[in-house]
Amino acid sequence: MPQANHMLAHRRLSRNTLKTNVAAYTFLLPTLMLFLVFTVYPFINAFIISMTNWDGFTDAEYVGLKNFVRLVNDAKVWKYLGHNLQFGVFTVVIKVFLGFVIALFLNEKFRGIAFFRAVYFVPVMMSFVAIGMLWKWIYSPSSGLINSILFKLNLMDQSNMITWLGNAKLAMYCIIIVDIWRWTGYHVVIYLAGMQTIPNELYEAAIVDGANDRQQLRYIIIPQMYSITLTNMIFCMTGAVSVFDLIYVMTGGGPYNMTKVIAIYVYETAFGSSNRFGYATAINILLFFIILIITTFMIKWMNRARENTGT
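For the working numbering, count along the sequence shown from 1 and bump the result up by 6.
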């Protein structure tokens with residue numbers, strides 16, 4: 007009899023579990039369908055296109071893995087990825103550092119704090135086209151704001167105006183400055199949200215132990231912000247690999263292709279005179295795997311950081 011009751015209870019539990027699972031999967035079904043339609047299917051379709059020689063108009067010609075072999079031997083791909091790397095190194099380091107420092111400042115309580123928090127976030131809400139056009143005017147050699155200020159300060163004469171975006175050595179760094187100005191406020195918000203979740207008990211215990219502000223920063227804030235820093239780095243790195251619109255608006259990849267990044271090369275390959283959609287798609291798949299590898303590595307690093315800090 008006890009065995010029969012046990013079996014009956016087990017069956018009821020199995021039925022309840024099945025009902026729960028069915029209900030859960032029913033609620034997940036719309037999201038799953040959207041994921042399949044807008045993520046899985048486009049990726050499979052893109053992989054099929056990458057194995058063809060297709061111009062977007064005539065019938066596609068199947069070429070197998072030739073586009074990927076060509077990609078590996080294409081010096082332009084690696085040159086422009088090098089520009090992405092240059093862009094990424096500077097933007098990641100500076101945006102993460104500035105975001106942390108500004109968040110420390112905005113985490114304090116003083117009069118007008120809401121105004122300053124809003125001001126730092128304003129550039130994030132602006133469109134890339136508007137930002138590109140604005141800074142293109144600022145960098146203008148003849149009527150730009152920077153050269154005008156330098157001229158007023160007698161640091162430059164009209165016969166020797168600096169062509170900021172026309173100088174092959176300066177153009178990329180000028181764009182890096184704009185990207186930092188545009189996105190730092192976004193990382194400030196992420197840091198600020200993380201800092202406000204630090205328990206007050208940690209600060210109170212530190213004060214009791216005689217810790218000053220510098221020691222609280224070193225032993226409380228920085229360790230607690232470790233996973234937040236890695237999150238910001240993921241956003242910065244993936245953005246650096248896929249950057250397109252800002253550079254396209256400001257320089258179009260010039261001068262002399264010194265600011266051309268891989269996304270612009272993909273655009274020109276697909277929609278230029280040759281219309282090589284298959285080859286452009288193969289390069290995009292390479293970008294996908296680069297971003298996937300970076301994200302996977304950073305997530306594993308983040309999980310280790312959480313285990314070590316207990317956050």
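Ideal placement from N, C-alpha and C gives every residue a C-beta, glycine not left out.
Note that the structure is predicted; figures quoted are calculated from it, not measured.
Query	Result
Backbone secondary structure at T190 - three-state DSSP	helix
CB of I196 within 8 Å of CB of N238, strictly	yes
CB contact flag (V249, N90, <8 Å)	yes
C-alpha gap between L156 and V102, whole angstroms	30 Å
Inter-residue Cα distance where the pair is I119 and R220	22 Å
Beta bridge counterpart(s) of T58 as assigned by DSSP	Y68
Three or more C-beta pairs below 8 Å linking the region 67-78 and the region 141-159	no
Through-space distance from L198 to V128, alpha-carbon basis	16 Å
With 16 other Cβ atoms within 10 Å as the buried cut-off, status of D163	exposed
Cα-Cα separation between N11 and V28, rounded to whole angstroms	Low per-residue confidence applies at N11: pLDDT is 49, beneath 50, and the placement is therefore not dependable enough to give any value.
Cutoff 7 Å; reference E313; Cβ partners in own chain excluding five residues on either side	none
For F63, three-class secondary structure by DSSP	coil
Expected contact under 8 Å - CB spacing of M264 and A124 to nearest Å	That belief does not hold up - the Cβ atoms of M264 and A124 are roughly 36 Å apart, past 8 Å.
M178, buried or exposed, once every other Cβ within 10 Å from all chains shown has been counted against 16	buried
Sequence-distant residues of its chain with Cβ nearer than 8 Å to G150 (five each side left out)	W143, I144, W170
Neighbourhood of H193 by C-beta distance below 7 Å, restricted to the same chain and skipping five residues each side	K101, V102, G105, N238
Three-pair Cβ contact test at 8 Å for the region 297-312 versus the region 218-233	yes
Classification of I228 by the beta-carbon crowding that lies within 10 angstroms, buried from 16 upward	exposed
6 Å CB neighbourhood of L298 in its chain, flanking five on each side removed	none
CA-to-CA distance, M201 to D80, given in whole angstroms	46 Å
Alpha helix (DSSP H) segments (min. 4 residues) lying fully within the region 198-283	206-214, 219-222, 232-248, 251-256, 268-277
Top-ranked residue by Cα proximity to K82, from T275, T97, I291	T275
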